[in-house]
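Accompanying notes for the structure given below.
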Ligand SMILES: [Zn+2]
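Residue numbers (the numbering used here): 7 to 351.
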């Protein structure tokens, strides 16, 4: 979901809320109750030996992000990718309550609003970039799909008609074989009443400034397809193409990767191994155990700058992920039970 925020005297800022966060915010866990519960203290003690890798997207609210960073400095121990890399490869263990800040997709706000606040506090971070978008004003494809759908776009590759909402259309696109997803997007473009609005992406200079400023730049594939929906040739092209382009921009090769949409793929792992990648990150809303997780399967926590301090505290402890997984499992179980009843009623 993309919304424009206009404040007095300022131009409209680009703000993205990923579909996942839109759903989680709608779910509205009772964050205050969770944080004050005895379970929080128990989870926090247990989390001391785990690694919290925070997975942000953009910096939607710069002041809130600064407050979150201050909180991390108080209650956790920010670490660098180099320290995490050593720990997951059997080297020096991480300090208690270690936290690594990461961003997916390379939103331009990471440079404009994130870098200065990270640098002011000496907090290292990682930004996973989609290099085909650098120096363009092209929307992320899933945000473009939302805009096209909301402006009457249709595609015969989607399993439903115009009655569905835009997020359902994006969810359906992510399940299509990648070639078909590209055809569906082309149909949406040709049938919508207007194109998606431009979206200012990072420039190559900004990527170099991030890298020089303590934000390691990682590979997030060339164009952000779901790798498990791609052909072998496309997997190779997406991972290697992004690697070559980032090497050219940075002047050195990236060694860390994040799976688009969190969809892991063993064919991608083989390419990453061949290219010398040392770490790979999931998007599964879980704390990582650096002593036992495979280096290309490091768990991450789903956060955004729009969550409050109570939520951030329970995410860092692992309590929110545990409650969220239980609630989601229960909802899926209920849906499985109720679906046949709905069909027979
Ligand atoms: Zn992504």
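We treat Cβ as the ideally placed atom computed from N, Cα and C, and that holds for glycine.
| Query | Result |
| --- | --- |
| Grouping DSSP H, G and I as helix and E and B as strand, with all else coil, what is residue 331? | helix |
| Within the same chain, show all residues whose beta-carbon is closer than 7 Å to that of residue 77, passing over the 5 residues directly before and after it, in chain order. | 315 and 318 |
| Which partner residues does residue 134 have in the DSSP bridge list? | 110 and 224 |
| In this structure, does DSSP put residue 12 in helix, strand or coil? | No answer about residue 12 holds up, because its pLDDT of 30 lies below 50 and its placement is not dependable. |
| Excluding the 5 residues preceding and the 5 following residue 261 in the sequence, name in chain order all residues of the same chain whose CB lies nearer than 6 Å to its CB. | 283 and 284 |
| Where does residue 337 fall in DSSP's three states? | helix |
| Please work out which residues of its chain come closer than 6 Å, Cβ to Cβ, to residue 331, disregarding the five sequence neighbours upstream and downstream, and give them in chain order. | none |
| Would you check if the distance between the CB atom of residue 266 and the CB atom of residue 326 is smaller than 8 Å? | no |
| Measure the CB-CB distance between residue 106 and residue 85 and report whether it falls below 8 Å. | yes |
| With a threshold of 7 Å on Cβ separation, who are the neighbours of residue 45 within its own chain once the five nearest residues in sequence on each side are excluded? | 325 |
| Could you give the C-beta distance for residue 235 and residue 183, rounded to a whole number, given that I count them as a contact under 8 Å? | 5 Å |
| Mapping the DSSP letters down to three states, classify residue 194 as helix, strand or coil. | helix |
| Do residue 90 and residue 296 have their C-beta atoms within less than 8 Å of each other? | yes |
| Is the CB-CB distance between residue 217 and residue 256 below 8 Å? | yes |
| Rounded to the nearest angstrom, what separates residue 160 and residue 154 at their Cα positions? | 8 Å |
| To the nearest angstrom, report how far apart residue 275 and residue 120 are at their CA atoms. | 30 Å |
| What alpha helix (DSSP H) runs, 4 residues minimum, are completely inside the stretch 241-307? | 272-281 |
| Return helix, strand or coil for residue 104, following the three-state DSSP convention. | strand |
| What does the alpha-carbon distance come out to for the pair residue 6 and residue 172? | Absent from the model: residue 6. The displayed extent of the chain is 7 to 351, so no value can be given. |
| Are residue 230 and residue 146 close, meaning C-beta to C-beta below 8 Å? | yes |
| Smallest Cα separation from residue 179: which of 148, 125 and 118? | 148 |
| So the candidates are 101, 270 and 333; which of them puts its Cα closest to the Cα of residue 374? | This structure leaves residue 374 out entirely; the chain is present only between 7 and 351. |
| For residue 302, tell me which candidate among 293, 264 and 310 has the shortest Cα-Cα distance. | 264 |
| Going by C-alpha to C-alpha distance, which of 162, 206 and 166 sits closest to residue 194? | 162 |
| Would you say residue 291 touches ligand 1, meaning its beta carbon is less than 7 Å from a heavy atom? | no |
| Using 8 Å for Cβ pairs, my map puts residue 87 next to residue 294. What's the rounded Cβ distance? | About 13 Å separates the two Cβ atoms, so there is no contact after all. |
| Does DSSP put residue 315 in a helix, a strand or coil? | helix |
| Check whether the Cβ atoms of residue 158 and residue 93 lie closer than 8 Å to each other. | no |
| Rounded to whole angstroms, how far is the Cβ of residue 68 from the Cβ of residue 220, which I believe are closer than 8 Å? | About 17 Å; that fails the 8 Å criterion. |
| Ignore the nearest five residues each way along the sequence and tell me which others in residue 40's own chain have a CB closer than 8 Å to its CB. | 46, 316, 320, 325, 326 and 329 |
| Going by the C-beta, is residue 266 closer than 7 Å to any heavy atom of ligand 1? | yes |
| Which residue from 60, 99 and 118 puts its Cα closest to that of residue 66? | 118 |
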